[in-house]
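To start, the structure under review is shown below, and the notes come after it.
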Amino acid sequence: TPEEIIQNYMFGPDFPSGGTVLGRKGILDYYRTGIGTVTIRSKYHIEDMGNGKERIVVTEIPYQVNKANMISAIADLVRSKQIDGITDVRDESNKEGIRVVIELRKDVIPEVVANNLLKHTQLQSNFGVINLCLVDGAPKVLGIVPLLSNYVDFQVGVLTRRTKFLLKRDGDRLHLVEGLILAHDNIDEVIHIIRSSKDDAESTARLGEAFGLDEKQCAAILAMTLRRLQGMEQDKLNAEKDQLVANIAEYNRLLSSRENIVDLLISEIEEVKRRFGDKRRTDITDEAADIENEDLIPQKNILITLTRNNYIKRVDDDTFEAQHRGGRGITGMKTTAGDVVRLMYHTKTHTDILFFTSFGKVYRLRGYQIPDSGRTGKGTPAQNILNLDRDEKVVSIVPCDDYPEGNYLIFVTRNGLIKRTSLKEYASIHQNGKIAVGLRDGDGLFDVKRTDGNAIVSLASSNGKLVSFQEEEVRPMGRTATGNKGMDLSDGSSIVGVTTSLEGDKILVLTRLGYGKISYAKDTDVVSEDGSTRHYDGYRLTHRGAKGVTTLNMTAKNGALVAVRAVNGDEDLLVITSTGIVIRTPLSEVKIAGRNTQGVKIIALDEKAQVASISILPHEDPAPEGEEEAEEPAEESQTPSEDPVTPDELDASLEDK
Numbered sequence: 022t023p024e025e026i027i028q029n030y031m032f033g034p035d036f037p038s039g040g041t042v043l044g045r046k047g048i049l050d051y052y053r054t055g056i057g058t059v060t061i062r063s064k065y066h067i068e069d070m071g072n073g074k075e076r077i078v079v080t081e082i083p084y085q086v087n088k089a090n091m092i093s094a095i096a097d098l099v100r101s102k103q104i105d106g107i108t109d110v111r112d113e114s115n116k117e118g119i120r121v122v123i124e125l126r127k128d129v130i131p132e133v134v135a136n137n138l139l140k141h142t143q144l145q146s147n148f149g150v151i152n153l154c155l156v157d158g159a160p161k162v163l164g165i166v167p168l169l170s171n172y173v174d175f176q177v178g179v180l181t182r183r184t185k186f187l188l189k190r191d192g193d194r195l196h197l198v199e200g201l202i203l204a205h206d207n208i209d210e211v212i213h214i215i216r217s218s219k220d221d222a223e224s225t226a227r228l229g230e231a232f233g234l235d236e237k238q239c240a241a242i243l244a245m246t247l248r249r250l251q252g253m254e255q256d257k258l259n260a261e262k263d264q265l266v267a268n269i270a271e272y273n274r275l276l277s278s279r280e281n282i283v284d285l286l287i288s289e290i291e292e293v294k295r296r297f298g299d300k301r302r303t304d305i306t307d308e309a310a311d312i313e314n315e316d317l318i319p320q321k322n323i324l325i326t327l328t329r330n331n332y333i334k335r336v337d338d339d340t341f342e343a344q345h346r347g348g349r350g351i352t353g354m355k356t357t358a359g360d361v362v363r364l365m366y367h368t369k370t371h372t373d374i375l376f377f378t379s380f381g382k383v384y385r386l387r388g389y390q391i392p393d394s395g396r397t398g399k400g401t402p403a404q405n406i407l408n409l410d411r412d413e414k415v416v417s418i419v420p421c422d423d424y425p426e427g428n429y430l431i432f433v434t435r436n437g438l439i440k441r442t443s444l445k446e447y448a449s450i451h452q453n454g455k456i457a458v459g460l461r462d463g464d465g466l467f468d469v470k471r472t473d474g475n476a477i478v479s480l481a482s483s484n485g486k487l488v489s490f491q492e493e494e495v496r497p498m499g500r501t502a503t504g505n506k507g508m509d510l511s512d513g514s515s516i517v518g519v520t521t522s523l524e525g526d527k528i529l530v531l532t533r534l535g536y537g538k539i540s541y542a543k544d545t546d547v548v549s550e551d552g553s554t555r556h557y558d559g560y561r562l563t564h565r566g567a568k569g570v571t572t573l574n575m576t577a578k579n580g581a582l583v584a585v586r587a588v589n590g591d592e593d594l595l596v597i598t599s600t601g602i603v604i605r606t607p608l609s610e611v612k613i614a615g616r617n618t619q620g621v622k623i624i625a626l627d628e629k630a631q632v633a634s635i636s637i638l639p640h641e642d643p644a645p646e647g648e649e650e651a652e653e654p655a656e657e658s659q660t661p662s663e664d665p666v667t668p669d670e671l672d673a674s675l676e677d678k
């Protein structure tokens, strides 16, 4: 059967240029039907160039592919930006073999670039097969079994005709040799007859009469000169006769049955294999011909960072080791003059990332599609990877692994409007984005959160207030709706934080000067080890549109409120400053505090530095060495500060500072 042949005997085509045949389906197709297509992939490997750069080196290309044309096509794709990440292409081939070098940028994944080259160039090509044979003089397309059967029949016919020809040739030669032997045995009389005869006809007649020779034997004798007749060696003639007799016997044996001819065919094929067979050049693998880029990228936890000037980048989340509370951190990214980090999100490489912009639009990328710029790199302009308009900026990011029924997106604007829309409406987003939320004049989108339909939503304002209410108070609206009032901001403040109960049962707040605290979201009584009970005030549930309750006692010492998140308390807090410094610290080191307190120092800031953004990550143990603690972290106070200040007074104080 074709399956037995491909498994045990004929594994597939072997091309002189090498390469790799991908999969056995195409081979089985033409083994079964006589028609099929095999995919041939170039052989390549990835070399480290140092300095974080790598290159792809091609050593074998598909059969009948012109190398110069292939290199030219790669260069055209690079110039037209259809393939990104290639800095140089050159041919280093010599008499030792093919070597095409493709150098890459530092920030690209070599396997992804190679995969794109295989998809768009002749580094991977298809080779069509048609088993067209002449059967009884007529062309036919045959599968491997009838093809081999016809091949054997044809070769048996060829060998049979060749054997019959050899049998006749050696039989004729034996007849002549026997005459020459007889002439040699009677050489004197033969010479006498030839010399005394008038012509060849008389010599032929007399030789035939004297020795019983026929015309062919006599002609062979007469064709020889007297010198040759006299010089004939009896031993050579007898040896030739014996060989001819043996040959004739072998020919008759072969012709006595088809099996004998088939055995001869097998032995001759084995001799060809012995003389010309070499190691197989083309590999055959079960790898699929088409591989998605995502299949080549490992699933990893990553951090996505966005600056005020719309520079975006990703790094692995283990880039920043945990430090103890009050540590000064490490450089997280370089920013250009006047630029600061605004947003930071924790997600995965294979997760959908929804980007919500200042124009109320949404775009989508996979996590790995965001360039990896390294810990200190400034990132890539968002306009380079998203089809943003000139003044359009990303204001919020929502990672989505799926889009189940009953899940929603909560949209909150800077002026306190809130809207809830089904997540399924954002499952399909084309390259140019789509409208995510309607915006009123003078307002802007602040943040977007994902919910399960039963969450508690909390909004925080710049004056230190926080309002919490049931999500169901926000009725679902269409994708382009503007929403309703979520928080009363009649005092002139603006939204600085949005969080939901899905993120945790505690509320973390952080100020511009690096102070923070964790409070219970609900009133909670905690029993200590000595049996005493301590009561912590939580955030009472109100209703959508309320002014809220105090969440932070703002003073000139701790700064204005800049971030609010719901947490469980066992995660790590990642803080990034306006100067690009990053610190990762366990939230377990931040003591639970009352709702109306100023908190403790989370990060020690350099002069003029402020907290720009935070992200919540899974916990990892702090680094044992190299950590930097604040000299004396502020102790939390369970009573309001004696000198509370307004947001305006606080901003003036910070400017003076």
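Numbering (the numbering used here), first residue to last: 22 to 678. Beta carbons: idealized from backbone N, C-alpha and C, even for Gly.
Inter-residue spacing [alpha-carbon to alpha-carbon] between residue i and residue j
i: Ser224; j: Met253; result: 19 Å
i: Gly620; j: Asp512; result: 24 Å
i: Glu291; j: Tyr172; result: 16 Å
i: Leu324; j: Arg605; result: 12 Å
i: Ile119; j: Ser101; result: 26 Å
i: Phe32; j: Arg53; result: 14 Å
i: Ile602; j: Thr80; result: 45 Å
i: Glu25; j: Gly178; result: 27 Å
i: Glu592; j: Gly57; result: 57 Å
i: Val122; j: Tyr84; result: 19 Å
i: Arg363; j: Thr545; result: 33 Å
i: Ile431; j: Ser540; result: 23 Å
i: Ala244; j: Ile214; result: 14 Å
i: Val611; j: His66; result: 49 Å
i: Ala260; j: Leu195; result: 11 Å
i: Thr520; j: Val488; result: 11 Å
i: Gly615; j: Gln320; result: 40 Å
i: Lys293; j: Thr246; result: It is Val, not Lys, that sits at residue 293 in the sequence shown. Taking the straight line from one Cα to the other gives about 43 Å.
CB of residue i within 7 Å of CB of residue j, strictly
i: Glu413; j: Thr370; result: no
i: Gly459; j: Thr501; result: yes
i: Phe467; j: Val419; result: no
i: Ile523; j: Ala457; result: Strictly speaking, residue 523 in this sequence is Leu, with Ile absent from that position. Cβ distance not < 7 Å, so Leu523 and Ala457 don't count as in contact.
i: Leu444; j: Tyr424; result: yes
i: Ile92; j: Ser146; result: no
i: Val478; j: Leu529; result: no
i: Lys140; j: Gly73; result: no
i: Ile333; j: Ala448; result: no
i: Glu429; j: Gly395; result: At residue 429 the sequence reads Tyr, which differs from the Glu that was named. Not closer than 7 Å, so no.
i: Cys421; j: Leu375; result: yes
Spatial neighbours of residue i in its chain, beta-carbon cut-off 6 Å, leaving aside the 5 residues before and after
i: Ile104; result: Leu98, Asn137
i: Ala94; result: Thr142
i: Ser515; result: Arg435, Ser483
Residue i in three-state terms, based on DSSP
i: Arg385; result: strand
i: Leu324; result: strand
i: Pro37; result: coil
i: Val161; result: It should be pointed out that residue 161 corresponds to Lys in this sequence rather than to Val. Strand at Lys161.
i: Val198; result: helix
i: Pro420; result: strand
i: Thr184; result: helix
i: Tyr52; result: helix
i: Asp393; result: strand
i: Gly192; result: helix
i: Asn405; result: helix
Contacting residues, own chain, Cβ-Cβ under 7 Å from residue i (five flanking each side not counted)
i: Val583; result: Val517, Leu531, Thr532, Arg533, Val632
i: Gly39; result: Lys64, Glu81, Arg302, Thr303
i: Glu628; result: none
i: Leu510; result: Asn436, Gly437, Ser482
i: Thr306; result: Thr41, Leu43
i: Glu657; result: Here the model assigns Glu657 a pLDDT of 39, short of 50, so the residue's position is not dependable and the matter cannot be decided.
i: Ala630; result: Thr598, Ser599, Thr600, Ile602
Own chain, CB closer than 8 Å to residue i, minus 5 neighbours either side, in chain order
i: Thr22; result: Val166
i: Met365; result: Leu324, Ile325, Thr326, Leu327, Leu595, Ile597, Ser634, Ile635, Ser636
i: Val336; result: Ile323, Leu324, Thr326, Asp393, Ser394, Gly395, Arg396
Cβ of residue i within 7 Å of any chain B Cβ
i: Arg387; result: The structure shown contains no chain B, having only a single protein chain.
Those runs of the alpha helix (DSSP H) which lie wholly inside the segment 239-284 and span at least 4 residues: 247-252, 255-276
Could you give the uninterrupted runs of the beta strand (DSSP E) lying entirely in the segment 602-639, keeping only those of 3 residues or more? 602-607, 632-638
Counting only runs that start and end within the segment 93-181, where is the alpha helix (DSSP H) found for 4 or more residues in a row? 131-141
Only counting runs of 3 or more residues, tell me where the beta strand (DSSP E) segments fall wholly within the segment 434-460, in order along the chain. 438-443
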